[in-house]
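To convert, count from 1 in the sequence shown and add 58; that's the numbering used here. By construction, the Cβ of each residue, glycine as well, lies at the ideal position given by its N, Cα and C atoms.
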Amino acid sequence: MIPRATYRLQLTRDFPFDAACAIVPYLARLGVSHIYASPITMARAGSTHGYDVVDPTRINPELGGEEGFRALVHTLRAHGMGIIIDIVPNHMGVAGGENGWWNDVLRNGPESRYARYFDIDWRTPLVLPILGDSLTAVIAQGDLGLSTDGPEPCLLLYGEQRLPLRPGSLDAFAAGEALDARQLRALADAQHYRLVSWRTANDSLNWRRFFSINELAGLRIEDPAVFDATHRLYFDLFREGLIDGVRVDHIDGLTDPAGYGRALRAAFDAIRTGKDRAYIVAEKILATEETMADDWGMDGTSGYDVMRDLTALLHDPRGEEPLRALWRSLDPGQCDFGEEVLAARRDMLSWQFEAQLAACVSAFAALAGSAAASEPAFEAITLAMLRRAIERLLWVFPVYRTYGNGVHAPASDAAVRDQAWAAVQPHLPPGEAPVARHILDWLGGLGPGDPELAAEAVRRFQQLSAPVAAKGVEDTAFYRYAPLLSANDVGFAPEQFAISPAEFHQRVLDRQRRFPHAMLATATHDHKRGEDVRARLAVLSAVPALWAERQRAWTTIAERHGPPVHPADRYQLFQTLFGAWPSARSPAKDTDFASRMAAWLEKSLREARLRSSWEAPDADYEARAAALLHALLGDAAFTADMDDFVAKLAPAAQANTLVQTALKYCMPGVPDLYQGCELHDFSLVDPDNRRLVDFARRAAMLDRAAESPEGEKLALIARLLGYRKACPDLFAHGQYQPLAVAGPRAGQVLAFERTHGDARLVCAVLLRAAEAMIEGGGPPDADWWAGTAIEGDRALPAHWLFADAPIFFRADF
59 MIPRATYRLQ LTRDFPFDAA CAIVPYLARL GVSHIYASPI TMARAGSTHG
109 YDVVDPTRIN PELGGEEGFR ALVHTLRAHG MGIIIDIVPN HMGVAGGENG
159 WWNDVLRNGP ESRYARYFDI DWRTPLVLPI LGDSLTAVIA QGDLGLSTDG
209 PEPCLLLYGE QRLPLRPGSL DAFAAGEALD ARQLRALADA QHYRLVSWRT
259 ANDSLNWRRF FSINELAGLR IEDPAVFDAT HRLYFDLFRE GLIDGVRVDH
309 IDGLTDPAGY GRALRAAFDA IRTGKDRAYI VAEKILATEE TMADDWGMDG
359 TSGYDVMRDL TALLHDPRGE EPLRALWRSL DPGQCDFGEE VLAARRDMLS
409 WQFEAQLAAC VSAFAALAGS AAASEPAFEA ITLAMLRRAI ERLLWVFPVY
459 RTYGNGVHAP ASDAAVRDQA WAAVQPHLPP GEAPVARHIL DWLGGLGPGD
509 PELAAEAVRR FQQLSAPVAA KGVEDTAFYR YAPLLSANDV GFAPEQFAIS
559 PAEFHQRVLD RQRRFPHAML ATATHDHKRG EDVRARLAVL SAVPALWAER
609 QRAWTTIAER HGPPVHPADR YQLFQTLFGA WPSARSPAKD TDFASRMAAW
659 LEKSLREARL RSSWEAPDAD YEARAAALLH ALLGDAAFTA DMDDFVAKLA
709 PAAQANTLVQ TALKYCMPGV PDLYQGCELH DFSLVDPDNR RLVDFARRAA
759 MLDRAAESPE GEKLALIARL LGYRKACPDL FAHGQYQPLA VAGPRAGQVL
809 AFERTHGDAR LVCAVLLRAA EAMIEGGGPP DADWWAGTAI EGDRALPAHW
859 LFADAPIFFR ADF
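Right, dumping it as structure tokens:
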């Protein structure tokens with residue numbers, strides 16, 4: 059069941075199962091072995107992604123239902139292909155009244171059979187932050203009323219959302235009586251839920267949500283009954299041979315990722331094991347020195363770490379300081395990434411996670427109280443001390459989370475706790491360091507107190523540290539700090555701007571040793587910039603002076619157009635226009651490109667929360683920024699210069715595209731091709747990266763891809779997928795051996811060989827040669843290489859390897 063290569067599809071009502079069926083012959087010709095599908099279970103009506111699941115027991119009827127899914131699988135099997143599906147164990151969609159389990163909870167409260175399914179604190183009524191104003195104002199405006207239409211009476215909100223009533227709560231009112239404002243308020247207050255403004259959610263929510271999204275409620279998947287109810291469909295599909303494995307969404311959101319992974323593996327293995335074992339990967343954000351535990355039952359991660367490493371390999375380290383200096387000159391207030399991360403984490407913790415933080419502090423207070431029974435020193439720890447210690451640890455926590463359960467923790471957590479302890483010192487009030495030390499000890503299962511209270515406190519910390527990291531770093535700091543935007547993507551580490559070929563080799567070897575079948579990604583449904591946007595932006599690291607020159611020229615043009623926009627926002631706009639420019643000499647003024655850039659610009663400004671935000675958009679500033687965008691796209695001097703600049707850097711950008719493609723398909727692991735990325739992918743952050751793909755065009759190009767520059771990437775992918783199909787054991791089980799490179803340009807080459815039995819593949823790629831390629835319009839000449847060669851029994855001179863292309867293969871199988 060180990061795939062040779064997967065193809066990620068975003069299934070929606072506009073691209074359902076029958077549309078996927080239609081492209082299977084094309085994917086089979088391309089050489090893909092498995093479709094990797096977005097969630098197929100019933101999601102909220104019109105969902106564009108499928109992660110807002112409202113019923114995990116049914117295949118989504120909007121996609122074609124069970125019949126459509128079976129037809130897709132039948133088509134795949136007829137072409138010798140399989141399917142991996144995305145599953146969502148962490149949360150469910152609860153907006154719009156479509157979730158039957160959630161509706162039952164609203165109706166019956168803690169007595170609901172589904173109350174245990176969701177992570178709710180029932181000491182108070184369930185907080186429902188779905189009002190646009192206060193409850194009093196909503197009633198006064200006539201936006202909440204009693205409806206007796208339909209199968210049962212309900213509260214009707216905004217004329218569309220039906221809210222179930224607590225059994226018996228209408229008995230206090232005369233049948234058929236029209237309720238006045240006072241009575242409506244009394245009826246609303248009598249429910250198991252409390253209707254409040256959406257703006258109060260961050261401070262008042264008493265249930266766990268996904269990050270800061272009120273429409274997604276966390277599941278208690280650690281409860282065996284919840285696990286069984288939400289996973290039964292997946293196991294039935296696997297038992298019947300309709301799926302070959304799963305990708306687990308946001309595993310770090312769970313109470314016990316390790317326990318969940320083992321339970322998932324055991325359940326699949328109970329159905330079928332051996333060579334037909336299920337393929338399981340997890341979405342996991344890893345820090346640069348972090349690895350996923352190898353005892354979770356996983357085949358690896360879904361590949362964000364590979365995206366990060368490939369991009370860091372493309373970056374020229376010599377460009378790091380000049381680009382940072384340029385950024386400092388534009389935005390002195392946001393010039394240190396570490397400081398930006400700290401500020402963003404503090405902001406997000408304070409602004410969006412107050413309710414979760416308060417619950418976490420309360421849990422540790424109860425634990426400290428139990429510890430005081432045996433160790434009186436804990437009596438001196440106040441609630442405020444605990445809050446300060448927890449806050450400050452969350453500001454600096456070096457990874458998404460640890461994995462203890464209050465009683466014990468994996469050995470790998472010790473290094474994380476040591477890093478956190480060192481990082482938190484400067485932020486602790488005098489004399490309160492022991493409180494932070496106690497928190498860390500409890501995370502490691504080393505502290506005193508009641509074990510059940512310890513488990514609850516540790517759970518709350520670990521389920522808070524992950525969203526604080528995600529929202530603080532990827533969704534905030536990455537929009538505030540931008541010397542080079544290709545360094546800022548999901549799972550990336552801007553502080554580690556570039557890595558050497560030797561470091562890259564070591565990471566590949568480590569991954570092969572621990573997870574030889576991990577997924578290898580270069581684009582995903584969550585990326586902030588498409589793989590070819592990043593490849594093009596990476597060229598700027600090799601020519602920072604040339605980039606600074608263009609930035610100054612474009613700034614002069616921009617300053618002629620209307621009121622000023624902050625230099626940092628303008629600079630990010632320049633980078634994004636350059637990175638996403640459709641292609642050299644292409645019309646940039648078309649409305650589709652302009653509207654896509656405008657959507658990105660709005661999201662960028664609001665995510666940064668510096669000069670606008672989602673919560674309180676600054677319409678005037680956003681209008682000025684949008685006006686600048688449209689003025690630049692309408693300025694002939696700017697568009698001509700951008701065309702020229704993109705064309706000038708095109709050879710180096712295309713080299714980066716081919717290099718990252720070649721490495722992904724030749725490295726150990728399972729390469730994943732995100733939908734449409736077999737041609738250049740100049741998409742931006744969602745929803746831009748989830749647009750419909752022109753598959754007919756790609757299918758028509760496949761057989762003649764090598765004939766055109768546009769098809770060069772497609773031709774390379776088809777060639778390498780052909781290699782993987784012709785010699786599957788070499789790629790699935792073959793050794794990865796770095797090859798030594800000698801000579802003055804050794805740093806510009808990365809080479810390795812894959813071997814399995816008599817089969818052998820040599821792969822070499824050109825790195826960080828943008829200046830020479832820009833000057834010569836193609837690969838560097840023999841003089842530039844000056845004796846550089848791959849060492850071995852038979853030396854391979856670099857000038858010969860890269861005479862015509864930035865990649866070289868020798869396949870013996």
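According to DSSP, is CYS212 helix, strand or coil? strand
Buried or exposed for THR194, please, with buried defined as at least 16 other CB atoms from any protein chain shown within 10 angstroms of its CB. exposed
Taking DSSP as the reference, what is the three-state secondary structure of LEU228? coil
Given ASP201, which residues of its chain have a CB within under 6 Å of its CB, disregarding the five upstream and five downstream residues? TYR216
Expected contact under 8 Å - CB spacing of PRO38 and ASP162 to nearest Å: Outside the shown range of the chain, which is 59 to 871, sits residue 38, and nothing can be said about it.
Find out if the Cβ-Cβ distance for the pair ALA817, ILE848 is shorter than 7 Å. No.
From which residue to which residue does the alpha helix (DSSP H) around ILE329 run? 315 to 329
Quick one: any contact between the stretch 573 to 585 and the stretch 714 to 726, if contact means 3 or more CB pairs under 8 Å? Output reads yes: the stretch 714 to 726 touches the stretch 573 to 585.
Assign SER270 to one of three DSSP states: helix, strand, or coil. It is coil, neither helix nor strand.
Consult DSSP for ASP76 and reduce its assignment to one of helix, strand or coil. helix
Jot down the residue ranges of each uninterrupted alpha helix (DSSP H) in the stretch 728 to 778, minimum 4 residues, whole runs only, in chain order. 753 to 760
Give the DSSP-derived three-state secondary structure of ARG587 in the structure shown. strand
If you measure from the beta carbon of HIS308 to each beta carbon in chain C, is any gap under 7 Å? Of the chains in the structure shown, none is chain C; there is only one protein chain.
Could you please give me the residues that DSSP links to MET577 through a beta bridge? DSSP, once it has assigned bridges, lists VAL728 as partnering MET577.
Which runs of the alpha helix (DSSP H), 4 residues or longer, sit entirely within the stretch 77 to 150? 123 to 136
Under the three-state DSSP convention, the category SER558 falls into: coil
With a CB to CB cut of under 6 Å and the five nearest residues on each side skipped, what residues in its chain are close to PRO541? LEU381, ARG382, TRP385
Around the C-beta of THR534, are 16 or more other C-beta atoms found within 10 angstroms, so that it is buried, or is it exposed? buried
Evaluate TRP658 with the Cβ neighbour count: other Cβ atoms within 10 Å of its Cβ, from every protein chain shown; 16 or more gives buried, anything less gives exposed. buried
Alpha-carbon to alpha-carbon, ARG518 and ALA417: Rounded to the nearest angstrom, the two C-alpha atoms are 8 Å apart.
Sheet register partners of SER641 (DSSP bridge): DSSP, once it has assigned bridges, lists no residue as partnering SER641.
Those residues which DSSP pairs with SER170 across a bridge: According to DSSP, which records beta bridges pairwise, SER170 is partnered with nothing at all.
For the candidate residues LEU731, PHE696, SER641, whose alpha-carbon lies nearest to that of ALA711? SER641
Beta-carbon spacing of ILE775, VAL823 below 7 Å: no
List the DSSP bridge partners of TYR629. Per DSSP, none; premise fails for TYR629.
Under the rule that 16 or more other beta-carbon atoms within 10 Å means buried, what is PRO552, buried or exposed? buried
Measure how close the beta-carbons of ALA494 and ARG450 come, nearest whole angstrom, since I'm counting them as under 8 Å. 7 Å
Would a C-beta distance cut-off of 7 Å place LEU121 and CYS79 closer than the cut-off? no
Since PHE442 sits in a beta bridge, which residues does DSSP pair it with? For clarity, residue 442 is Ala in the given sequence; the question names Phe instead. Looking at the DSSP assignment, ALA442 forms no beta bridge with any residue, so it has no partner.
Where does SER205 sit, in a helix, a strand or coil, going by DSSP? strand
Counting C-beta neighbours from all protein chains within 10 Å, is the total for GLY489 16 or more, i.e. buried, or is it exposed? So GLY489 ends up on the exposed side.
Whether ALA638 touches PHE740 by CB criterion (7 Å): yes
Which term fits LEU750, buried or exposed, when burial requires 16 or more other beta carbons within 10 angstroms of its beta carbon? exposed
For TYR251, which of helix, strand or coil comes out of DSSP? Assigned with DSSP and collapsed to three states, TYR251 falls in strand.
Quick one: is GLY692 buried, meaning 16 or more other Cβ sit within 10 Å of its Cβ, or exposed? exposed
TYR362, DSSP secondary structure in three states: helix
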